[in-house]
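Residue numbers (my numbering): 25 to 173. The structure under discussion appears below in the form of structure tokens.
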């Protein structure tokens, strides 16, 4: 009787474990179930900024949805300085430092401000970042302000 209970308990434990493993690796992780969109954007942005290198300063047009201090950005790109552009460019970009190259990052809801940046810096490089479904995550506009980079 005790052996039967032990076998039953072990079988139940194995079935439950198998279902949990199947859910985690089969559904949850690949489909990013229960994931938060801002965290996904911040992960992609952090990886991108890390690849750019510390000679860039990020100007994030993400408020009120996403701010530069979001933990994945700071963790993945600790050497990249960043500034939240809260009030918008409004035709002037006097907040841009010439001590670094600049990358202007726009969330979809702030794309209307990209034209101001492109007028001021027409020689920049435009990059689009999409999610798995092809929806826009963010736009990056890279501007080389330093010579030789």
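Beta carbons are placed, not taken as given, at the ideal position from N, Cα and C, and that holds for glycine.
Beta-ladder partner(s) of residue i, from DSSP
i           : result
residue 122 : Bridge partners of residue 122: none, in fact.
residue 108 : 84
residue 127 : 82, 166
Spatial distance of residue i from residue j (CA atoms)
i           : j           : result
residue 129 : residue 45  : 37 angstroms
residue 40  : residue 32  : 12 angstroms
residue 156 : residue 95  : 22 angstroms
residue 42  : residue 64  : 28 angstroms
residue 168 : residue 38  : 57 angstroms
residue 58  : residue 88  : Per-residue confidence for residue 58 stands at a pLDDT of 47, beneath the threshold of 50, marking its modelled position as unreliable; the derived number appears in the next sentence. If you take the alpha carbons of residue 58 and residue 88, they lie about 22 angstroms apart.
residue 142 : residue 149 : 10 angstroms
residue 132 : residue 90  : 11 angstroms
residue 86  : residue 165 : 14 angstroms
When the options are compared against residue i, the one with the closest alpha-carbon
i           : options           : result
residue 103 : 124, 87, 88, 119  : 124
residue 127 : 155, 28, 145, 116 : 145
residue 83  : 63, 26, 117, 28   : 117
residue 67  : 154, 167, 168     : 154
Exercise. Quick one: complete alpha helix (DSSP H) runs, 4+ long, within the segment 134 to 168?
Worked result: You should have 138 to 144.
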